[in-house]
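**Q**
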Amino acid sequence: MHTLLMTLLLIVSIALIVVVLLQSGKSAGLSGAISGGAEQLFGKQKARGLDLVFHRVTIILSVLFFVLAIAVTKF
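So the sequence shown is numbered by this note's numbering: it starts at 1 and just counts up by one.
#1: Could you round the C-beta distance between L68 and L8 to whole angstroms and report it? I think they count as a contact, below 8 Å.
#2: Could you check which residue in V19, S13, I70 has the C-alpha nearest to that of L52?
#3: Please list the terminal residues of the continuous alpha helix (DSSP H) segment that includes M6.
#4: With distance defined between alpha-carbon atoms, name the residue in I70, M1, V12 nearest to I59.
#5: Less than 7 Å between C-beta atoms, sequence neighbours within five positions excluded: which residues of the same chain meet that for L22?
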């Protein structure tokens with residue numbers, strides 16, 4: 001059981017790293033970092049297409065990562 005959980009955790013970790021690296025940046029530079037959060041918060045920029053898919057896959061993989069990490073510590 002422990003070996004299976006560790007293998008799944010490794011696969012999810014690698015997939016999470018790949019998906020995060022494939023995502024495009026929201027904005028560039030310091031000014032983009034300051035205004036980018038406000039634009040995303042108030043909905044001026046909506047994610048479309050592939051960015052939306054990457055965003056959802058990142059959320060799913062991160063939740064799966066935390067669940068598997070907790071499960072590995074229990075077993």
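In this text, a Cβ means the ideal position worked out from N, Cα and C, and glycines have one as well.
**A** In short:
#1: 6 Å
#2: V19
#3: 2–22
#4: V12
#5: F54
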